[in-house]
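So the protein lines, in turn, are chains V and X. The first sequence begins at 272 in my numbering and counts up one residue at a time. The second sequence begins at 272 in my numbering and counts up one residue at a time. For each residue, glycine too, the CB sits at the ideal point set by N, CA and C. The structure appears below as structure tokens.
Number of protein chains: 2
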Amino acid sequence: MDTKSLIIEIATNLFQQKGYKGVGLNEIIKACNISKGSLYHHFPNGKEELLIACLQLLNEEITKDIVEIFERYPTTREAAEAMISKLVENFEAEGTLTGYTFSSIVSEMASLSEPVRNACAQLYQKIQAIYMEKLLADGFTKDKANAIALMMTASIEGAMLLCLTQKEAEPLKIISQLLPKML
Amino acid sequence: MDTKSLIIEIATNLFQQKGYKGVGLNEIIKACNISKGSLYHHFPNGKEELLIACLQLLNEEITKDIVEIFERYPTTREAAEAMISKLVENFEAEGTLTGYTFSSIVSEMASLSEPVRNACAQLYQKIQAIYMEKLLADGFTKDKANAIALMMTASIEGAMLLCLTQKEAEPLKIISQLLPKML
DNA sequence: AGTTAAAAACAGACCGGTTGGTATGGTGGA
DNA sequence: TCCACCATACCAACCGGTCTGTTTTTAACT
């Protein structure tokens, strides 16, 4: 794999775990086994440029995962349940939700730059669009589909936060049970 | 006001805005107009001890706010709608939700210590307990009340994250509209 | 194919500034 | 006299970022 992709991949992981400010460049180059010169060759504008590249990668990865599940199941309800149970499995096995949420970055966003905020917004937007498409196929009106898709995004993201703070998978499970009520 | 309370109050604000790693001790003592010696006199175990004190203050403040609203309205539905519309007002007026969410701290938590995680968990727990009490008064069973309270906490927290990334109050508004469906 | 120059990729020393934290000494009131 | 309270100077470690120089790859021309 080329160096640039390697940097992005490893940095993405670190950013998800510790947040933007929580990871230093030295930590990144050590994990990648590269030098600082190399990093700044691929990302001349430094750390924040790297972060945005990471968010774009995350965008593709998360989206791909969700799309796959939503194609496999006939209705939004079944797809959502399958998706959440996958999250729960992952959380109970590894004790983390890295790879599925990036709230650690989003919440720092306020003190970061506009491009970062934009990259985050796009990510949420894309996820919501997947939900919405399925909801429209289910026969919901445009307005309803939009509202429900947003509710799904918000509650799942919030539930992941709760799971991480409580060290329990219960919040995600309960959300999953309650979802049908909204549909 | 005594120095210790002053430190906690100002630091709380800063932590909420920029997250734990995003605020330095120098920034704090400058904002408080005190010296480092003074800070370490009141918080001998340093930054993290201060953070936990801040989380406890937040606990009281947020809780007080929510309790007030939930006492003023007869049902969970009305109280929740009032609470969210207050959030929306605040967001549209000031462009921020500081004072109502602390996700910036929660999401960094993974890389912080156990006591910090605990303080965060207690905060969510307390909020949820307020919702739950009201739901029980509304006549829900214990199980249902617990599930709905969790859903409320998660979706509102998630919606706040969405509002901040999109710079729009729409997510909170839509959550508010959809809430009655769960009740 | 062989030569050469340019460009891309990488390495690592180095920069000023900041980090959280400590040690010491002073000051005011009980 | 004592002690909570505060101020200052200082520390090693680390921060993001720049610099110069070396290696490796690519491309062009004979």
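Under the three-state reduction of DSSP, residue 334 of chain V is assigned to helix.
Partner residues in a beta bridge of residue 346 of chain X, as assigned by DSSP, do not exist. Between residue 327 of chain X and residue 390 of chain X, the C-beta gap is smaller than 8 Å, which places the two residues in contact. By the Cβ rule, the stretch 301-321 of chain X does not count as touching the stretch 331-348 of chain X, because fewer than three pairs are nearer than 8 Å. Cβ-Cβ separation between residue 278 of chain X and residue 321 of chain X: approximately 7 Å, consistent with a contact (criterion under 8 Å). About 6 Å separates the beta carbon of residue 369 of chain V from that of residue 288 of chain V, a gap short enough to meet the 8 Å contact definition. Along the length of the stretch 398-432 of chain V, whole alpha helix (DSSP H) runs at least 4 residues long do not occur. Under DSSP, the beta-bridge partners assigned to residue 369 of chain V are V/372. In this structure, the CA atom of residue 421 of chain X is about 13 Å from the CA atom of residue 425 of chain V. In summary, residue 447 of chain X is buried, with 16 or more beta-carbon neighbours lying within 10 Å of its beta-carbon over all protein chains present. Counting other Cβ atoms within 10 Å of its Cβ, residue 293 of chain V reaches 16 or more and is therefore classed as buried.
Here DSSP, grouped into helix, strand and coil, assigns residue 308 of chain V to helix. Under the three-state reduction of DSSP, residue 282 of chain X is assigned to helix. With a cutoff of 8 Å on beta-carbon distance, residue 351 of chain X and residue 433 of chain X are scored as not near each other. For residue 394 of chain X, the closest of V/437, V/338, V/342 by C-alpha to C-alpha distance is V/437.
Under the 8 Å criterion on CB atoms, residue 377 of chain V is classed as interfacial with respect to chain X. In this structure, DSSP gives residue 314 of chain X a state outside helix and strand, which the three-state scheme calls coil. With contacts defined as CB atoms closer than 8 Å, residue 290 of chain V and residue 290 of chain X qualify as a contacting pair. Of the residues V/381, V/453, V/444, the one whose Cα lies closest to the Cα of residue 362 of chain V is V/444. At a beta-carbon threshold of 7 Å, the residues of chain X lying near residue 388 of chain V are 436, ordered along the chain. Interface annotation, residue 310 of chain V: not in contact with chain X, CB-CB separation never under 8 Å.
By the neighbour-count criterion, in which 16 or more other beta carbons inside 10 Å mark a residue as buried, residue 384 of chain X falls on the exposed side. Residue 341 of chain V is not a Cβ neighbour of residue 427 of chain V, given a cutoff of 8 Å. No Cβ of chain V is located within less than 8 Å of the beta carbon of residue 319 of chain X. In this structure, V/372 is the residue among V/439, V/364, V/372, V/403 with its C-alpha nearest to the C-alpha of residue 283 of chain V. Apart from the 5 residues on each side of it in sequence, residue 403 of chain X sits with its Cβ closer than 7 Å to the Cβ of 416, 417, 420 in its chain, given in chain order. Annotation for residue 302 of chain V: the continuous alpha helix (DSSP H) segment containing it runs 296-303. At least one C-beta of chain X is nearer than 8 Å to the C-beta of residue 442 of chain V. Here DSSP, grouped into helix, strand and coil, assigns residue 272 of chain X to coil. About 6 Å separates the beta carbons of residue 386 of chain V and residue 323 of chain V, which is inside the 8 Å limit, making them a contact pair. Sequence-distant Cβ neighbours of residue 348 of chain V in its own chain, meaning closer than 6 Å and more than five residues away, are 451, 454.
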